[in-house]
Ligand code: PEP
Ligand code: MN
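In this note's numbering, the protein residues as written are 590 to 964.
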């Protein structure tokens, strides 16, 4: 069971003390207090765990600090939606808002290589008003002899360049918990010119110790990739690991499933699950069309498969796009063949905007039917 307190309830108020006193004395029930910082208000949620079946919901709802009470199921306790459409979703980080209604684009390099390419990418993003990017410093590679990423060494100049071009959030995969400290130390030393969203790659979706370590820190939000060979439920539970350790600022990323059936694409595009994840959880949903499609193949209509896949995700309500670009894809050290070219950026951004607006219009045409039809 979950008791949601009135927004901005002070923790030193009588209402809070009285409410907590009552809840703490319920037999067989333990409490977990969770604070959610939204763009405009702070919400305190109290999870009641244990013997909650016999609790009187109305009695708890009547406590002075409680706004409403929700019965939650065991699945995705914190991140789940639990059929309550009023529950706040999303979060703000370093001036950028992430939720289930808006859209942020993270175009950038799959792997950081040389300063000129990083600078060209960020400068192009700034010209188009974008404030987020992707930049891989720690690369999980299939082959141990392949380029593993520049690691810690490139962080200072990547972050400084990001600051120079007004980039507020850099999505960066980490493969070991020590990378959190490396990133944090570097940002701190530089005076935090930019922010970082820690990315958990598909190969690490069920690396529970890594998830717990990332979940224990609350400085950086997390982009969790869906595991490429596990069920959606298993991947959503992986996200819940982060929240259960304390960090609920999580974005869930669809990136295609590994199966021969997806060929000739690198993975089977799974963007029909965008609305499904939004229905089951309160996480903003990201799509990664680059790692799903994995090539620059083009349809007879002149549009790349990567762009078509992006459109499918965004028109279904995706809230973030993570996509590989490169100023010189033939020179890229990782995933060059799937990277979009810099001169494709304006058209691609326009296409995404069109699809996002269309998603809003799609909601409007179904609005009148809401509530009229059964489930
Ligand atoms: C990536 O985004 O660079 C990446 C390695 O993706 P994934 O974990 O989805 O393969
Ligand atoms: Mn890649």
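C-beta: ideal position from N, C-alpha, C; glycine also. Note that the structure is predicted; figures quoted are calculated from it, not measured.
Host beta strand (DSSP E) of residue i (start-end)
{"i": "residue 835", "result": "Where residue 835 is concerned, there is no enclosing beta strand (DSSP E), given that its DSSP letter is neither H nor E."}
{"i": "residue 721", "result": "721-723"}
{"i": "residue 591", "result": "591-594"}
{"i": "residue 636", "result": "631-639"}
{"i": "residue 605", "result": "Unbroken run through residue 605 is the alpha helix (DSSP H), 603-613; no beta strand (DSSP E)."}
{"i": "residue 913", "result": "909-915"}
{"i": "residue 814", "result": "811-814"}
{"i": "residue 694", "result": "693-697"}
{"i": "residue 649", "result": "No beta strand (DSSP E) contains residue 649, which is instead part of the alpha helix (DSSP H) from 646-650."}
{"i": "residue 658", "result": "655-659"}
{"i": "residue 682", "result": "680-682"}
{"i": "residue 760", "result": "758-762"}
{"i": "residue 686", "result": "685-687"}
Close beta carbons around residue i, own chain, < 6 Å, minus the five adjacent residues each side
{"i": "residue 837", "result": "667"}
{"i": "residue 817", "result": "791, 846, 847"}
{"i": "residue 752", "result": "782, 783"}
{"i": "residue 793", "result": "799"}
Beta carbon of residue i nearer than 7 Å to that of residue j
{"i": "residue 593", "j": "residue 634", "result": "yes"}
{"i": "residue 760", "j": "residue 843", "result": "no"}
{"i": "residue 710", "j": "residue 718", "result": "no"}
{"i": "residue 596", "j": "residue 630", "result": "yes"}
{"i": "residue 788", "j": "residue 762", "result": "yes"}
{"i": "residue 785", "j": "residue 754", "result": "no"}
{"i": "residue 1022", "j": "residue 758", "result": "Since the first residue shown for the chain is 590 and the last is 964, residue 1022 is missing from the structure and cannot be characterised."}
{"i": "residue 915", "j": "residue 898", "result": "no"}
{"i": "residue 922", "j": "residue 713", "result": "no"}
{"i": "residue 834", "j": "residue 805", "result": "yes"}
{"i": "residue 851", "j": "residue 876", "result": "no"}
{"i": "residue 620", "j": "residue 612", "result": "yes"}
{"i": "residue 737", "j": "residue 728", "result": "yes"}
{"i": "residue 677", "j": "residue 632", "result": "yes"}
{"i": "residue 756", "j": "residue 731", "result": "no"}
{"i": "residue 895", "j": "residue 918", "result": "no"}
{"i": "residue 800", "j": "residue 825", "result": "no"}
{"i": "residue 884", "j": "residue 858", "result": "no"}
{"i": "residue 750", "j": "residue 685", "result": "no"}
Other residues of its chain near residue i: CB distance less than 8 Å, five sequence neighbours each side excluded
{"i": "residue 947", "result": "904"}
{"i": "residue 935", "result": "717"}
{"i": "residue 644", "result": "590, 615, 618, 637"}
Sequence-distant residues of the same chain with beta carbon closer than 7 Å to residue i, five excluded per side
{"i": "residue 587", "result": "In the structure as shown, the chain starts at 590 and stops at 964, and residue 587 therefore has no counterpart that could be examined."}
{"i": "residue 691", "result": "908"}
{"i": "residue 741", "result": "771"}
{"i": "residue 657", "result": "593, 650"}
{"i": "residue 872", "result": "668, 828, 839, 840, 841, 866"}
{"i": "residue 670", "result": "676, 868, 869, 870, 871"}
{"i": "residue 641", "result": "590, 618"}
The alpha helix (DSSP H) enclosing residue i, as first and last residue numbers
{"i": "residue 805", "result": "797-805"}
{"i": "residue 748", "result": "744-753"}
{"i": "residue 707", "result": "704-716"}
{"i": "residue 896", "result": "894-904"}
{"i": "residue 865", "result": "863-869"}
{"i": "residue 882", "result": "878-882"}
{"i": "residue 767", "result": "767-779"}
Residue i - DSSP class collapsed to helix/strand/coil
{"i": "residue 626", "result": "strand"}
{"i": "residue 955", "result": "helix"}
{"i": "residue 825", "result": "helix"}
{"i": "residue 792", "result": "helix"}
{"i": "residue 923", "result": "coil"}
{"i": "residue 947", "result": "helix"}
{"i": "residue 851", "result": "helix"}
{"i": "residue 933", "result": "helix"}
{"i": "residue 668", "result": "coil"}
{"i": "residue 543", "result": "The structure shown does not extend to residue 543, since the chain spans only 590 to 964, so no value can be given for it."}
{"i": "residue 938", "result": "helix"}
{"i": "residue 617", "result": "coil"}
{"i": "residue 740", "result": "helix"}
Outcome for residue i when other beta-carbon atoms lying within 10 angstroms are tallied against a minimum of 16
{"i": "residue 954", "result": "exposed"}
{"i": "residue 861", "result": "exposed"}
{"i": "residue 764", "result": "buried"}
{"i": "residue 911", "result": "buried"}
{"i": "residue 797", "result": "exposed"}
{"i": "residue 814", "result": "buried"}
{"i": "residue 945", "result": "buried"}
{"i": "residue 856", "result": "buried"}
{"i": "residue 937", "result": "buried"}
{"i": "residue 726", "result": "buried"}
{"i": "residue 780", "result": "exposed"}
{"i": "residue 820", "result": "exposed"}
{"i": "residue 893", "result": "buried"}
Min CB distance residue i to chain C below 7 Å
{"i": "residue 697", "result": "Of the protein chains in this structure there is only one, and it is not chain C."}
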